[in-house]
Amino acid sequence: MVLETGRLVLRPWRVEEAVVQRQLWLERDPRVPPHRRVDAAGRPTVADLEEWIRTHPPGSTGLLALERKADGEVVGYCGLVEGTCEGEPELAYELLRRFWGRGYATEAAEAVLEWARSSGYRRVWATVREWNTASRRVLAKLGFVETDRVQPDPLHGDTLVTTRTL
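Numbers 17 to 182, taken from my numbering, label the letters of the sequence shown in order.
Here it is in structure tokens:
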């Protein structure tokens, strides 16, 4: 699957872009649970991520690399994770810190949501940590609304469950 916006191409990851994925892991907020950050042994390594890209061929859902049309630089990812909430897809996105605040997450997510709607999905979910105000703003811009579902986590911050009807 390849999607295009005014400034971005959303496409499957290439093995040589594992370094970008590793940078995303390294830049994650320390409040993110440890299984989503680089561990004390340095895992995942670039080699681990290269292997993951090789062994997980693109499908109709998944996390697509966000490539800027202007210079070909990969700035993060956006896509759908299948069946995480009530059997319906979940929107996920993450950008390298130096590209925050430029509207790329919103732009990419709008393309993914349009693809989801045209593919017959009726609703999409997104989860976000309560402390992640930037992602909460993106989700609000996209029309997601917070539900009454909260996944409590006193150590890493509660996870809010949001939804959007397509």
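Where is the CB? At the ideal position from N, CA and C, for every residue including glycine.
Quantities reported herein were computed from a predicted structural model and do not represent experimental measurements.
Given a length threshold of 4 residues, each whole run of the alpha helix (DSSP H) inside the region 27-75 is given here in chain order: 34-43, 62-71. Put simply, the region 161-181 does not touch the region 59-70. Fewer than three CB pairs are less than 8 Å apart.
Around the C-beta of residue 70, fewer than 16 other C-beta atoms lie within 10 Å, and the residue is accordingly described as exposed. For residue 98, DSSP records no beta bridge to any residue.
Distances from the alpha-carbon of residue 122 to those of 78, 88, 41, 93 put 93 closest.
Counting along the chain, residue 18 sits inside no alpha helix (DSSP H), nor does DSSP assign it H or E at all. Here the C-alpha atom of residue 28 lies approximately 15 Å from the C-alpha atom of residue 21. Within 10 angstroms of the beta-carbon of residue 86 lie fewer than 16 other beta-carbons, which makes it exposed. In chain order, 47, 49 place their CB closer than 6 Å to the CB of residue 172, counting only its own chain and leaving out the 5 sequence neighbours on each side.
Straight through space, the alpha carbons of residue 39 and residue 134 are spaced by roughly 33 Å.
Closest in alpha carbon position to residue 139, among 159, 175, 116, 182, is 182.
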